[in-house]
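Protein chains in written order, with the numbering used here: chain A, 1 to 248; chain B, 1 to 95; chain C, 1 to 304.
Here a beta-carbon is modelled for each residue, glycine too, at the ideal position from N, C-alpha and C.
The structure appears below as C-alpha cells.
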Amino acid sequence: MKDLEKYTLRIADTSLILAQRLSEWCSNGPTLEEDIALSNISLDLFGQANGLLDYVSKLNGEKSADEIAFKRNERQFYNLQICEQENGHFGDTIIRQFLCDSYFKLFYSSLANSKDEILSAIANKSLKEVEYHLRHSSNWVIRLGDGTKESNQKIQTSLNQIWKFTGEFFEMDELDNIMLKKNIGVDNNNLKEEWDLIVNKTLKQAKLTRPNDGYMMNGSKQGLHTEYLGKILAQMQYLPRAYPDAKW
Amino acid sequence: MKKNKSTVWEVFIQSKNGLAHKHFGNVHAEDKEMALQNARDLYTRRNEGSCIWVVKSEHIVSSVPDDEDSFFDPSNDKVYRHPTFYKMPDGAKHI
Amino acid sequence: MNEAIFQQKIDAEKKIEPKDWMPEGYRKHLIRQISQHAHSEIIGMQPEGNWISRAPSLRAKMILLAKVQDEAGHGLYLYSACETLGISREELNEQLHLGKAKYSSIFNYPTLTWADMGAIGWLVDGAAIVNQVSLQKTSYGPYSRGMIKICKEESFHQRQGYEIMAQMAKGTPEQKEMAQDALNRFWWPSIMMFGPHDSDSPRTGNAMKWKIKRKTNDELRQDFINKTVSQAELIDLKIPDPDLKWNEKRESYDFGEMDWEEFWSVVEGNGPCNEQRLNHHIKAHKEGKWVREAAKAYSQKHNN
Chain A
1 MKDLEKYTLR IADTSLILAQ RLSEWCSNGP TLEEDIALSN ISLDLFGQAN GLLDYVSKLN
61 GEKSADEIAF KRNERQFYNL QICEQENGHF GDTIIRQFLC DSYFKLFYSS LANSKDEILS
121 AIANKSLKEV EYHLRHSSNW VIRLGDGTKE SNQKIQTSLN QIWKFTGEFF EMDELDNIML
181 KKNIGVDNNN LKEEWDLIVN KTLKQAKLTR PNDGYMMNGS KQGLHTEYLG KILAQMQYLP
241 RAYPDAKW
Chain B
1 MKKNKSTVWE VFIQSKNGLA HKHFGNVHAE DKEMALQNAR DLYTRRNEGS CIWVVKSEHI
61 VSSVPDDEDS FFDPSNDKVY RHPTFYKMPD GAKHI
Chain C
1 MNEAIFQQKI DAEKKIEPKD WMPEGYRKHL IRQISQHAHS EIIGMQPEGN WISRAPSLRA
61 KMILLAKVQD EAGHGLYLYS ACETLGISRE ELNEQLHLGK AKYSSIFNYP TLTWADMGAI
121 GWLVDGAAIV NQVSLQKTSY GPYSRGMIKI CKEESFHQRQ GYEIMAQMAK GTPEQKEMAQ
181 DALNRFWWPS IMMFGPHDSD SPRTGNAMKW KIKRKTNDEL RQDFINKTVS QAELIDLKIP
241 DPDLKWNEKR ESYDFGEMDW EEFWSVVEGN GPCNEQRLNH HIKAHKEGKW VREAAKAYSQ
301 KHNN
C-alpha cells in the first residue's frame, strides 16, 4: 500500500470505528435529546469516514470505499484503539468522546494545512463538526463531573479506565514521519501540549482528577487492537461478506 | 409520587440572516447551554439555522395565541435526507 | 355555551390553540392520540435501530441512522405538542411504561433481515404518510403544525425503504427472496396500522366531529392500498393477498379480510416483541437516571 493511502486509511478507520460505536446509542440514550445528539455526532463521523475512504479508494485505484470498509480483516484496520472501546454507560462514552474530540480538534487544525489538497479540504470540513462535538462532550463532562456525587464518581472511574488509550494520540511512527517531512501529515508529538491544556481546563471545571500517565496501550498503527475490534467488524461486515455478489 | 420534572424551553429560530425568529416548539434541558444544543440538534438537522433563541417556557407571557407557522426550508447540507436524492424506478407513482 | 362556540370554530375550520376553551373529552382524546403517536415514533426506533450496525454499505448506514434520528425528532415534536395540553413528558413516559398508553402495533413485530428495513420504510412509513397527510388538517393547532413538519421529513423515509426494496428485487436471487419475504411478513401488519374497521371503532365518531381525524380508518386504508399496489408491481414483488383485485366500479382495489384475532391479540400485548420493546425503553430510561439527575444538580448549583 502506498504511504499516502495508508496514512489516510488510519484517519478514516478512526472515524469509522468511533462512528460505529456511537451509533449503538440509538434508542438507548438517557434522554431523547441525547439520543439525537449522539446520532448526530455518529452521522458526522460516518460522513468524515466516507470522505476519507473515498480518497483511499481513489488512491488505491481498484477497491471501492465500501469494499475497503467491509472487506478488510482485523489486522488490516488502523483506527486508534480508544475508538473501539465499549460504550459502557453514558459517562464512559462521553469521556471517550471528549478525549477524542479534543485530539481531533488539534489534529484536524493541523491537517488543514496539509500540502495534500484533499486531506486539507476534508480537515477543514471536519473541523467545523469537531468544534461542535467538543462543545457537546465538554459540556457533559462538566455536568457529570460537577453534578451529583454519584455522577462524579462514575465519570472519574470512566476517565481512569480509558486514560491508558490516550498515549496513541501522540505517537509518531515511520509513516507519520515520512508524511510530516512531505508537509502532508501531522506532527502528533506537537499536539500534546495543547491537548493537555484543553483537557486539564475541562477536567478542572468538572472537578475531576487527571489520572497519572502509566502504561499506555499501543499498536494500532501496525493493525494491533483490543479484542473489541473483531466483534465490531463481525457485526459491521456481516452482510457484504455473507452475500459477496450482492449490490446494496 | 413527586416527579422530578425536567425543564421545558421554547425554541425560536432565525433560519436565515435578515429574517425574524420563529417559534419551532420546545426542548427539555436543565440549563441554557444544553437547551441551545438540544434545540440545534432537534430543529436544524436540515438547515444550518443562523440563530437560535431558547426561553424557559415558564417565562413566556401570553395573551391569546396567534397561529404560528413553523415551516422549514430544507437546505442542501446532508442530501440523503431529501426526497429527491433517491433513485426511484421509472413510473413509480405516489412516492 | 362554550361548547357551541367551540364546535362553531371547528366547523369553520379554525384551529384550536392551547389556551382556548375545549371540552374535556377533546383534550383527553388529543392527549391519548398525540401521545400514542409520539410513543410510536420512539418505539419505532428500536426495530430499525436493530439494523444500523449491520447496514451493508456506508450510504445505507448513514441513511438509516438519519431516518431513525428523524423518528426521535418526530417523537419530540409530538411530545412537545402534547405537553401544551397540560401534561408533562414524565407523565407520558410513565403511562407508556405502565402500559396505560399504547403505541402502534406494527412495532411489535421483529426485524429479521435487512430487507425489513426496506419493507418498513416503504410500507410502514408509507401507511404513516397517508395517515399524517390527513392529520395536517387536524383541528388542534400544535398537532397540525407538528404534522406538517413531520410530513415534510417523512417522504425521505418512504423513498429510502422503496429504494432498498427495488434494488433487492432486481438483485441476486437471494436478495429478491429476502425482499419478497419481508413484504410477506409486513404487508398485513401494515394495513392493520389503520386500525379496526370504522364499524368497530367507537372513538371515530367524536374524532370526526371534532376534526381531530379528517378521514376514517377504512378510507385511509383504502388510500394506502390503492397507492401501494402499483408500486409493488413495478418492482416485481407480489403482495401476499390472493383476494387483491381491481374493482372498476369502485375505482379501488378490493382486498382480503385482515386477521382480526391477530390484530387484537397484538394490541392487547401479545405480539412477538411487545415485552421486548417496552423493556428496552424502560431499561434505557432507568440507566439514564443518574445522568438526568446530574444535569439537574449542575443547573441548580449554577443557577442556570
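Within 10 angstroms of its Cβ, does residue i collect 16 or more other Cβ (buried), or is it exposed?
{"i": "Arg159/C", "result": "buried"}
{"i": "Glu13/C", "result": "exposed"}
{"i": "His302/C", "result": "exposed"}
{"i": "Leu274/C", "result": "The amino acid at residue 274/C is misidentified as Leu; the sequence shows Asn. It counts as buried."}
{"i": "Ile52/B", "result": "buried"}
{"i": "Lys105/A", "result": "buried"}
{"i": "Leu19/B", "result": "exposed"}
{"i": "Glu174/C", "result": "exposed"}
{"i": "Asn76/B", "result": "Bear in mind that a pLDDT of 37 at Asn76/B, under 50, signals an unreliable position, so the model cannot answer this."}
{"i": "Ala234/A", "result": "exposed"}
{"i": "Leu65/C", "result": "buried"}
{"i": "Asn28/A", "result": "buried"}
{"i": "Asn26/B", "result": "buried"}
{"i": "Asn108/C", "result": "buried"}
{"i": "Val61/B", "result": "exposed"}
{"i": "Gln97/A", "result": "buried"}
{"i": "Leu197/A", "result": "exposed"}
Which partner residues of residue i appear in the DSSP bridge assignment?
{"i": "Gly25/B", "result": "Val11/B"}
{"i": "Ile16/C", "result": "Tyr140/C"}
{"i": "Asp254/C", "result": "Lys245/C"}
{"i": "Lys56/B", "result": "Trp9/B"}
{"i": "Cys273/C", "result": "In DSSP, Cys273/C forms no bridge with anything."}
{"i": "Cys26/A", "result": "The partner list for Cys26/A (beta bridge, DSSP) is empty, contrary to what the question assumes."}
{"i": "Cys83/A", "result": "DSSP, once it has assigned bridges, lists no residue as partnering Cys83/A."}
{"i": "Cys151/C", "result": "Bridge partners of Cys151/C: none, in fact."}
Can you list, in chain order, the residues of its chain with a C-beta nearer than 6 Å to that of residue i? Leave out the 5 residues immediately preceding and following it.
{"i": "Lys347/C", "result": "This structure leaves residue 347/C out entirely; chain C is present only between 1 and 304."}
{"i": "Thr202/A", "result": "Ser138 and Val141"}
{"i": "Pro240/A", "result": "Phe70"}
{"i": "Arg10/A", "result": "Tyr78"}
{"i": "Ala128/C", "result": "none"}
{"i": "Asp69/B", "result": "Interpretation of Asp69/B is limited by its pLDDT of 33, a score under 50 that renders its predicted location unreliable; no figure is taken from the coordinates."}
{"i": "Tyr228/A", "result": "Glu84"}
{"i": "Thr93/A", "result": "Asn87"}
{"i": "Asp116/C", "result": "Ala182"}
{"i": "Ser151/A", "result": "Leu144"}
{"i": "Asp66/B", "result": "Because Asp66/B sits at a pLDDT of 42, beneath the cut-off of 50, its placement in the model cannot be relied upon, and the point is left open."}
{"i": "Val54/B", "result": "Trp9, Val11, Ala35, Leu36 and Ala39"}
{"i": "Val199/A", "result": "Ser102"}
With a CB to CB cut of under 7 Å and the five nearest residues on each side skipped, what residues in its chain are close to residue i?
{"i": "Ser15/A", "result": "Leu45, Gln48, Ala49 and Leu52"}
{"i": "Phe90/A", "result": "Pro30"}
{"i": "Ile232/A", "result": "Ile17, Gln20 and Glu84"}
{"i": "Ser201/C", "result": "Gly195 and Asn217"}
{"i": "Leu159/A", "result": "Ile95, Leu208 and Pro211"}
{"i": "Lys176/C", "result": "Met168 and Ala169"}
With a threshold of 8 Å on Cβ separation, who are the neighbours of residue i within its own chain once the five nearest residues in sequence on each side are excluded?
{"i": "Asp3/A", "result": "Leu175, Ile178 and Met179"}
{"i": "Glu375/C", "result": "Residue 375/C is absent from the structure shown; chain C starts at 1 and stops at 304."}
{"i": "Ile148/C", "result": "Gln136"}
{"i": "Ile72/C", "result": "It is worth fixing the name first, because residue 72/C is Ala in this sequence and not Ile. Correct list, in chain order: Glu41, Ile42 and Met45."}
{"i": "Phe24/B", "result": "Val11, Phe12, Ile13, Ala39, Tyr43 and Ser70"}
{"i": "Gly99/C", "result": "Gly269 and Leu278"}
{"i": "Arg32/C", "result": "Ala101"}
{"i": "Thr204/C", "result": "Asp198, Lys213, Thr216 and Asn217"}
{"i": "Ser265/C", "result": "Gly271"}
{"i": "Asp54/A", "result": "Ala65"}
> Using 8 Å as the Cβ pair cut-off and three pairs as the minimum, do the stretch 203-210 of chain A and the stretch 131-140 of chain C touch?
Replying inline: Judged by Cβ distances under 8 Å, the stretch 203-210 of chain A makes no contact with the stretch 131-140 of chain C, as fewer than three pairs qualify.
> Which runs of the alpha helix (DSSP H) spanning at least 4 residues fall entirely within the stretch 92-162 of chain A, listed in chain order?
Replying inline: 117-145 and 149-162
>> With a threshold of 8 Å, are at least 3 pairs of Cβ atoms found where one atom belongs to the stretch 184-193 of chain C and the other to the stretch 223-242 of chain C?
In response: yes
> Counting pairs of Cβ atoms below 8 Å between the stretch 89-101 of chain C and the stretch 256-266 of chain C, do you hit three or more?
Replying inline: Taking a cut-off of 8 Å on C-beta distances, the stretch 89-101 of chain C does not touch the stretch 256-266 of chain C, as fewer than three cross pairs fall below it.
> Whole beta strand (DSSP E) runs in the stretch 205-247 of chain C with 3 or more residues, listed along the chain?
Replying inline: 245-247
>> Would you call the stretch 274-288 of chain C in contact with the stretch 7-22 of chain B, where contact means no fewer than 3 C-beta pairs closer than 8 Å?
In response: no
> Quick one: any contact between the stretch 213-226 of chain A and the stretch 36-47 of chain C, if contact means 3 or more CB pairs under 8 Å?
Replying inline: no
> Is it true that the stretch 193-202 of chain C meets the stretch 159-171 of chain C, where meeting means three or more beta-carbon pairs spaced less than 8 Å apart?
Replying inline: no
> Is the number of C-beta pairs between the stretch 30-42 of chain A and the stretch 107-124 of chain A that are closer than 8 Å three or more?
Replying inline: no
>> Runs of 4 residues minimum, wholly inside the stretch 19-88 of chain C: which ones carry the alpha helix (DSSP H) assignment?
In response: 24-49 and 58-83
>> Ignoring anything shorter than 4 residues, give me the alpha helix (DSSP H) runs that lie fully in the stretch 101-129 of chain C, in order along the chain.
In response: 115-119
>> Quick check on the DSSP output: what are the complete alpha helix (DSSP H) runs of length 4 or more inside the stretch 58-83 of chain A, in order along the chain?
In response: 65-70
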